[in-house]
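Worksheet: the structure to be examined is printed underneath.
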Amino acid sequence: MASSLSGICFNPPKPTQNPPSQTPSPFQKFNLSFQNKPATTRFSVQAVAREVQPPIANSNNDAVPKSSSSSLSSKSAVSLEKDQRALWKRYVDWMYQHKELGLYLDISRVAFTDEFVEEMEPRMQKAFKDMQELEKGAIANPDEGRMVGHYWLRSPKLAPNSFLRLQIENTLEAVFQFANDVISGKIKPPAPAERFTQILSVGIGGSALGPQFVAEALAPDNPPLKIRFIDNTDPAGIDHQIAQLGPELATTLVIVISKSGGTPETRNGLLEVQKAFREAGLEFAKQGVAITQENSLLDNTARIEGWLARFPMFDWVGGRTSEMSAVGLLPAALQGIDIKEMLAGAALMDEANRTTVVKNNPAALLALCWYWATDGIGSKDMVVLPYKDSLLLFSRYLQQLVMESLGKEFDLDGNRVNQGISVYGNKGSTDQHAYIQQLREGVHNFFVTFIEVLRDRPPGHDWELEPGVTCGDYLFGMLHGTRSALYANDRESISVTVQEVTPRSVGALVALYERAVGIYASLVNINAYHQPGVEAGKKAAGEVLALQKRVLAVLNEASCKEPVEPLTLEEVADRCHASEDIEMIFKIIAHMAANDRAIIAEGSCGSPRSIKVFLGECNVDELYA
Ligand SMILES: O=P(O)(O)OC[C@H]1O[C@](O)(CO)[C@@H](O)[C@@H]1O
């Protein structure tokens with residue numbers, strides 16, 4: 001089996017015999033069996049089959065799964081097909097293969113029934129239509145009045161007009177040119193440095209996760225430029241990255257990535273890096289590159305300060321689907337990764353996902369399985385387990401792609417649905433020694449996606465560490481052993497197999513999941529392309545900082561008195577006219593005290609009512625400002 005899979009063409013033999021037939025009754029409890037039907041596979045589970053229904057709103061506009069009582073209560077009772085011949089037939093019948101990409105999708109260990117597939121068919125067709133409209137340039141993100149065009153990035157000819165097509169092609173050309181010039185040394189840092197050796201990428205969310213995933217997956221051992229990331233506003237984390245660069249800061253290309261150009265974490269990262277440049281006597285502008293929307297705050301800053309280069313981020317590309325824009329392509333190209341191949345892999349996968357035949361459409365099959373596994377309401381988590389170290393960050397990348405896209409309070413009709421699918425995972429077999437114990441035997445609230453890579457290591461490097469067995473054979477054994485062990489305990493799984501981790505297969509994986517998310521969003525009738533929920537946290541963070549400024553002003557005034565007047569928390573809160581915010585005021589003071597910016601005169605932070613606080617210094621200027 002391993003040898004036939006390693007070839008491009010994989011045509012598993014069809015089982016010659018079918019087990020005895022038995023007609024299962026839809027939507028009621030039935031026993032395992034196969035129905036001897038030529039056109040369809042009858043896969044049965046010992047469970048109450050679930051009605052295919054969208055979550056609907058009750059009179060309070062709260063989401064309730066239509067079939068909640070039967071479907072959800074039946075989930076723990078699901079007992080999957082265990083007959084090996086039946087499973088083999090299901091495996092063969094449902095296997096999806098993309099020959100050119102060397103990619104396989106196995107959904108045989110998800111227990112959906114033929115009835116479910118039939119019931120879903122009209123909705124799948126609607127989803128295909130939605131995707132077609134989206135690709136034609138419809139306003140697929142109605143809240144923001146935006147087109148959604150990440151598919152055009154790898155097939156510019158599909159862009160709805162020549163202006164957009166040219167924008168994509170010109171940007172791609174500029175990315176190639178710039179990356180080549182940096183690598184060749186034509187574009188270099190200020191003398192005496194000869195060439196750039198490092199990239200420091202500053203960005204967060206979709207402006208970091210794709211580049212991080214791709215760097216981990218594809219960067220060669222000795223890339224022309226090594227990459228580091230600042231993806232947070234954690235000062236210690238930023239200091240660490242800058243310290244690691246050391247004298248190489250002088251040969252570091254700093255790429256600041258932000259679609260909006262105004263994300264606070266990214267702005268802070270930039271300011272911290274600019275400070276490090278000043279302290280090292282370096283001119284930041286000569287080493288700074290911005291990737292952002294035209295005329296954003298970041299774009300204007302980069303233009304006014306005369307940074308080395310600026311690349312556009314398009315209005316119609318969301319952060320979490322921006323890996324094939326300058327956001328992902330520029331850092332990748334600078335690391336010597338073949339970005340043409342990434343684009344080709346994504347384009348091939350997109351092409352495959354345009355068929356309206358569900359069985360031949362890998363993204364549709366994924367979306368269908370997600371719907372089945374989670375009852376279309378996110379009732380189970382998606383555990384992503386790549387058995388390959390270089391794909392470690394795939395689950396993290398998917399976490400944003402899936403959860404920011406699908407995790408929505410309202411559907412497109414305004415009903416409260418609280419949709420989403422939780423995603424987590426690291427890598428196998430490592431996770432077998434962490435949480436697979438719970439997956440196998442504990443709470444049954446997940447389905448697994450295994451990512452398998454057939455090629456263990458480059459040709460010519462393999463050896464047998466015991467007779468007939470290589471190190472990679474162990475990894476292979478661990479994956480399939482875990483898949484079987486989980487299945488034996490009625491835990492469903494999907495397996496995605498690629499021949500190798502290459503720019504092409506990585507591009508294909510990105511495209512596969514982007515489309516699966518789009519299709520699933522359509523199945524559950526939500527807008528996958530906005531993220532209103534993120535704004536609430538950002539707004540609240542702004543309020544905390546505004547309160548901190550008021551606390552500082554009050555403490556400053558008291559600390560400028562002679563003698564200094566230490567204040568209780570109640571006094572600070574009163575003087576801030578924010579007595580209802582006393583808990584937050586305590587947290588602000590505790591944080592400032594921990595960072596030597598406030599002095600606890602009496603008591604301790606362990607008993608908040610006891611403390612009296614003042615500032616270490618009186619800022620007279622601020623007092624009279
Ligand atoms: O690229 P930007 O605008 O800095 O945004 C970063 C991230 O912040 C979000 O807007 C919210 O987390 C993401 O969608 C986005 O990828």
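For the sequence shown, the UniProt record's numbering gives the first residue as 1, with consecutive numbering after it. We put the CB at the ideal spot given by N, CA and C, even for glycine.
Continuous alpha helix (DSSP H) stretch holding Gln400: start and end: For Gln400, the uninterrupted alpha helix (DSSP H) segment begins and ends at 394–406.
Of the residues His444, Asn353, His530, Gly442, the one placed nearest Leu406, counting alpha carbons only: Selected option, being the one with the closest Cα: His530.
Residue burial classification, Lys388 (beta-carbon count within 10 angstroms, cutoff 16): Buried is the call here.
Nearest to Leu393 (by Cα), restricted to the options Asp181, Ala217, Ala363, Gln438: Residue nearest to Leu393 within the set Asp181, Ala217, Ala363, Gln438 is Ala217 (criterion: CA-CA distance).
Any heavy atom of ligand 1 within less than 6 Å of residue CB: hits in chain order: Spelled out in chain order, the answer is Ile204, Gly205, Gly206, Ser207, Ser258, Lys259, Ser260, Thr263, Thr266, Gly319, Arg320, Glu404, Gln531, Val534.
Residue closest to Tyr624, alpha-carbon to alpha-carbon, out of Glu565, Val554, Leu615, Arg597: Nearest neighbour of Tyr624 by Cα position, chosen from Glu565, Val554, Leu615, Arg597, turns out to be Val554.
Sequence-distant residues of the same chain with beta carbon closer than 8 Å to Ala243, five excluded per side: Here the set comprises nothing.
For Asp621, the nearest candidate out of Glu118, Glu557, Tyr435 (CA to CA): Comparing Cα positions, the closest option is Glu557.
Span separating the alpha-carbon of Ile585 from that of His577: C-alpha of Ile585 to C-alpha of His577: approximately 11 Å in a straight line.
Those runs of the beta strand (DSSP E) which lie wholly inside the stretch 485–515 and span at least 3 residues: Taking only runs of at least 3 residues, the beta strand (DSSP E) segments lying wholly in the stretch 485–515 are 493–498.
Enclosing alpha helix (DSSP H) for Ser162 [first to last residue]: Looking at the DSSP string, the run of the alpha helix (DSSP H) that includes Ser162 is 162–184.
Buried versus exposed, by CB contacts within 10 Å (16 or more), His433: Within 10 angstroms of the beta-carbon of His433 lie fewer than 16 other beta-carbons, which makes it exposed.
Own chain partners of Ser25 with C-beta closer than 7 Å, once the 5 adjacent residues on each side are dropped: For Ser25, the predicted structure reports a pLDDT of 33, less than 50, and the residue's modelled location is therefore unreliable. The matter cannot be settled from this model.
For Leu567, the three-state DSSP class (helix, strand or coil): Leu567: strand per DSSP, three-state reduction.
C-beta contact flag for Val148 and Val202 at 8 Å: No, these two residues do not count as a Cβ contact at 8 Å.
Bridge-paired residues (DSSP) for Ser258: Bridge partners of Ser258: Thr292.
Residues that DSSP places opposite Leu385 in a beta bridge: DSSP, once it has assigned bridges, lists Phe450 as partnering Leu385.
Enclosing beta strand (DSSP E) for Gln335 [first to last residue]: Gln335 -> no beta strand (DSSP E), and no H or E assigned at all.
Paired residues, beta bridge with Gln198 - DSSP: According to DSSP, Gln198 bridges with Lys226, Thr252.
Rounded separation between Cys560 and Pro566 - CA only: So the alpha carbons of these two residues sit roughly 11 Å apart.
Own chain residues within Cβ distance below 7 Å of Asn141, not counting five before or after: The residues are Val148, Asn527, Tyr529, His530.
Residues bridged to Tyr96 (per DSSP): Leu105.
Beta-carbon gap between Met342 and Leu512 smaller than 8 Å: No, these two residues do not count as a Cβ contact at 8 Å.
Span separating the alpha-carbon of Pro563 from that of Gln274: Between Pro563 and Gln274, the C-alpha separation is close to 40 Å.
Neighbour-count burial assignment, Gln132, 16 or more Cβ in a 10 Å radius: Exposed, since its Cβ has fewer than 16 Cβ neighbours within 10 Å.
Spatial neighbours of Leu245 in its chain, beta-carbon cut-off 8 Å, leaving aside the 5 residues before and after: Excluding positions up to five away in sequence, the list reads Gln198, Leu200, Arg228, Thr252.
Three-state secondary structure (DSSP) of Ile588: Note: Ile588 maps to helix in three-state DSSP.
Backbone CA spacing between Gly378 and Phe450 [nearest angstrom]: C-alpha separation (whole angstroms): 19 Å.
Range of the contiguous alpha helix (DSSP H) that encloses Arg154: Segment: none, Arg154 is in no alpha helix (DSSP H) and carries neither H nor E.
Inter-stretch contact (C-beta, 8 Å, three-pair minimum) for the stretch 343–363 and the stretch 502–517: Three or more Cβ pairs closer than 8 Å define a contact, and the stretch 343–363 meets that threshold against the stretch 502–517.
Residues of its chain near Arg575, where Cβ-Cβ distance is below 7 Å and the 5 sequence neighbours each way are ignored: Val554, listed in sequence order.
From Asn595, Glu570, Leu475, residue whose alpha carbon lies closest to that of Lys612: The shortest C-alpha separation from Lys612 is found at Glu570.
Closest Cα partner of Ala536 within the set Asp299, Asn361, Glu409: Looking from the CA of Ala536, the closest CA among Asp299, Asn361, Glu409 belongs to Glu409.
Assigned exposure category for Pro247 - 16 Cβ within 10 Å defines buried: Exposed, because fewer than 16 other Cβ atoms sit within 10 Å of the Cβ of Pro247.
Burial state of Ala601 (16 or more Cβ within 10 Å): Ala601 comes out exposed.
Meets three-Cβ-pair contact criterion under 8 Å: the stretch 330–341 and the stretch 453–473: No: fewer than three Cβ pairs fall under 8 Å.
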